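> Sharing a structure here in structure tokens format.
Protein chains: 2
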Amino acid sequence: MTESVKNGALYGVGVGPGDPELMTLKAVRVLEGSAVIAVPKSAGAAPDAASRALSIASKGAELKGKEILRLLLPMTKDAARLKEARQTAASAIAGRLEKGLDVSFITLGDPMLYSTFSYLVPFVRKLLPDAPVRVIPGVTSFSAAAASAIIPLAESGGKVAIIPAAYDIEDLRERIAANDTVVLMKVNRAMDALIGLLCSMGLEKNAVFVSRASWPDEEVVTDIKSLKGASPDYFSTVIIKK
Amino acid sequence: MTESVKNGALYGVGVGPGDPELMTLKAVRVLEGSAVIAVPKSAGAAPDAASRALSIASKGAELKGKEILRLLLPMTKDAARLKEARQTAASAIAGRLEKGLDVSFITLGDPMLYSTFSYLVPFVRKLLPDAPVRVIPGVTSFSAAAASAIIPLAESGGKVAIIPAAYDIEDLRERIAANDTVVLMKVNRAMDALIGLLCSMGLEKNAVFVSRASWPDEEVVTDIKSLKGASPDYFSTVIIKK
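The listed protein sequences correspond, in order, to chains A and B. In this text, residue positions in the first sequence follow numbering that gives the first Met the number 0: the first is 0, and each later residue adds one. In this text, residue positions in the second sequence follow numbering that gives the first Met the number 0: the first is 0, and each later residue adds one.
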């Protein structure tokens, strides 16, 4: 008689914003205890986010001998293609969990904020309802940006809005008016429109631009107008504080 | 001839949401390299936040032999009293920095989010303009809450609002309508009004309550209506996700 193997656990592990030292002790322990490191590769939008997350993880934790499982998770609005990609990824993960192997799915920053981990969980659960799923939170890129600029995101009672990419400038005007702090993530596509908006609101001196926060080539720019016409990279954040 | 002592560095160190394992490697290194651990004691509002931060730090890092510098930073609207308290705290810190000692000011979660660290920095800089100031970002309580509940804070393109304590219910209604996710921090004082609002918006099944996220006595409640009449503690978060 053979005993049935206990399912491994699936972990969503935030590796933090970029500096491997900004990984948590728990992230390091969980990664080192996992046989499989799953790396989402979202073809298209995030140029090197996947390889960046793996590079951070391998500097902060010992990954030698582990299987690196690359999962293709395209950024597309085609629902059928999305579903198929997620099913394929989930079944690759479930195959490892069934063998009793723990799988750590790594993401830049925090797994519950703009990561593809949460999309995958229901697919994995459908295949293996009994496999434990755990999330290890991580330091977000906007906390790292605020730390680098030494700009408080919020003080007592302050309301904060977090807005990812693709801005509707009129909507943004209202959100800036309605909050004490507005964090704009992946601001690269809209810098000139944003600078115009801030100037029209008299807030051009209330904004800080941070690119690649906590990375060795981090950049902090307090004179936001100097970025007019510039093409900042994907990993750029603007903090507007009134 | 005696050489002048180089000023120590002032660090704002986030120790994370509660679980000592959610401290970053950098927080541990910086704390262990600091001669002085400054602990803000904000009499009044946050019952045991200060001692909680110190307890986390002492579990995640070796603090033996270090000076524990307790700073009284009252939560008051009396501007003169606030200024005096901050000046007193800043001068206690500056006294250590002048002797070449590094000082780590610890906060729960992240130092740039609802912490008193940012208030102190200008006072210390006035006394010692040349002392380096650095911020070590930490995992926030809302990332930990989302991780425990396995509720994504935001998926691709989602807009997130973070709102601390003391709610104006009509304002909150508008913010819930205007965002994909709303995070309510320190929700303890307003649970019944909040439950009423969520029910009136048909969103009572879209909210998760998390108390003491990542602590050993953490509590996750998905049936928010069951909390009617309850008095949750200070460290409680509600995530509303549409």
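Glycine included, every Cβ here is placed at the ideal spot set by N, Cα and C. The model shown is predicted, which means the values in this text are computed figures rather than measured ones.
To test your reading of the DSSP string, which unbroken alpha helix (DSSP H) runs of 4 or more residues are found completely within the stretch 59-83 of chain B?
With a minimum length of 4 residues, no continuous alpha helix (DSSP H) run stays inside the stretch 59-83 of chain B.
> When Cβ atoms are compared, which residues of the stretch 77-107 of chain A fall closer than 9 Å to chain B?
Flagged: no residues at all.
> Kindly confirm or deny that the stretch 65-75 of chain A and the stretch 126-137 of chain A touch, where touching means at least three C-beta pairs closer than 8 Å.
Flag = no, the stretch 65-75 of chain A and the stretch 126-137 of chain A do not touch.
> Compute the Euclidean distance between the alpha carbons of B:I168 and A:K158, then round it to the nearest angstrom.
Translated into positions along the second sequence, residue 168 of chain B becomes position 169. Translated into positions along the first sequence, residue 158 of chain A becomes position 159. Roughly 14 Å between the two C-alpha positions.
> Leaving out the 5 sequence neighbours to the left and right, which residues in its chain are closer than 6 Å to B:M0 when beta-carbon positions are compared?
Along the second sequence, one-based indexing puts residue 0 of chain B at 1. The pLDDT assigned to B:M0 is 47, lower than 50, so where the model puts this residue is not dependable, and the model offers no usable value.
> Using a Cβ cut-off of 8 Å, pull out every chain A residue sitting near B:P73, in sequence order please.
Taking the second sequence and counting its residues from 1, the one referred to as residue 73 of chain B is at position 74. Chain A residues near B:P73: none, gap ~12 Å exceeds 8 Å.
> On a CA-only basis, which of A:M184, A:I67, A:L107 is nearest A:P231? Give me that one, please.
For the purposes of this step, residue 231 of chain A is taken as residue 232 along the first sequence, with counting starting at 1. The shortest Cα separation from A:P231 among A:M184, A:I67, A:L107 belongs to A:M184.
> First and last residue of the alpha helix (DSSP H) that includes A:L183?
In the first sequence, residue 183 of chain A corresponds to position 184, counting from 1. Taken as a continuous stretch (DSSP letters only), A:L183 belongs to no alpha helix (DSSP H), being part of the beta strand (DSSP E) at 180-184.
> Between which two residues does the beta strand (DSSP E) carrying B:F104 extend?
Here residue 104 of chain B refers to the residue found at position 105 of the second sequence. Per DSSP, B:F104 belongs to the beta strand (DSSP E) from 102-106.
> What is the rounded straight-line gap between the Cα of A:E20 and the Cα of A:D216?
In the first sequence, residue 20 of chain A corresponds to position 21, counting from 1. In the first sequence, residue 216 of chain A corresponds to position 217, counting from 1. Going by the C-alpha atoms only, they are around 15 Å apart.
> Taking the DSSP output, what are the residues bridged to B:P131?
Numbered from 1 along the second sequence, position 132 holds the residue referred to as residue 131 of chain B. Per DSSP, none; premise fails for B:P131.
> Whole angstroms are fine: how far does the CA of B:T23 sit from the CA of B:N178?
Position 179 of the second sequence, counted from the start, is the residue given in the question as residue 178 of chain B. Position 24 of the second sequence, counted from the start, is the residue given in the question as residue 23 of chain B. Looking at the two C-alpha atoms, the distance is approximately 30 Å.
> Along the chain, where does the alpha helix (DSSP H) that runs through A:G32 open and close?
On the first sequence, position 33 is the one that residue 32 of chain A refers to. Its alpha helix (DSSP H) spans residues 24-32.
> What residues in the stretch 3-21 of chain A bring their beta carbon closer than 9 Å to a beta carbon of chain B?
The residues in question are G11, G13, G15, P16, D18, P19, E20, L21.
> Whose CA, out of A:E31, A:V4, A:I161, lies closest to the CA of A:G94?
The residue you call residue 94 of chain A lines up with position 95 of the first sequence. Measuring from the Cα of A:G94, the nearest candidate turns out to be A:V4.
> If we require 4 or more residues per run, which alpha helix (DSSP H) segments fall completely within the stretch 149-233 of chain B?
Counting only runs of 4 or more, we get 168-177, 190-199.
> Nearest-angstrom Cα distance between A:S235 and A:G17?
On the first sequence, residue 235 of chain A is found 236 positions in, with the first residue counted as 1. On the first sequence, residue 17 of chain A is found 18 positions in, with the first residue counted as 1. So the alpha carbons of these two residues sit roughly 12 Å apart.
> If you compare alpha carbons, which of B:A8, B:I223, B:N187, B:A189 is closest to B:G201?
Translated into the one-based positions of the second sequence, residue 201 of chain B becomes position 202. For B:G201, the nearest C-alpha among the options comes from B:I223.
> Could you tell me if B:T106 is buried or exposed, where buried requires 16 or more neighbouring beta carbons within 10 angstroms of its beta carbon?
Counting from 1 along the second sequence, the entry for residue 106 of chain B is found at position 107. It counts as buried.
> Please confirm if B:S50 has its CB atom under 9 Å from at least one CB of chain A.
One-based indexing of the second sequence puts residue 50 of chain B at position 51. B:S50 does not count as touching chain A.
> Going by DSSP, which residues form a beta bridge with A:L112?
As a working mapping, residue 112 of chain A is identified with position 113 in the first sequence. Partner(s): B:A153.
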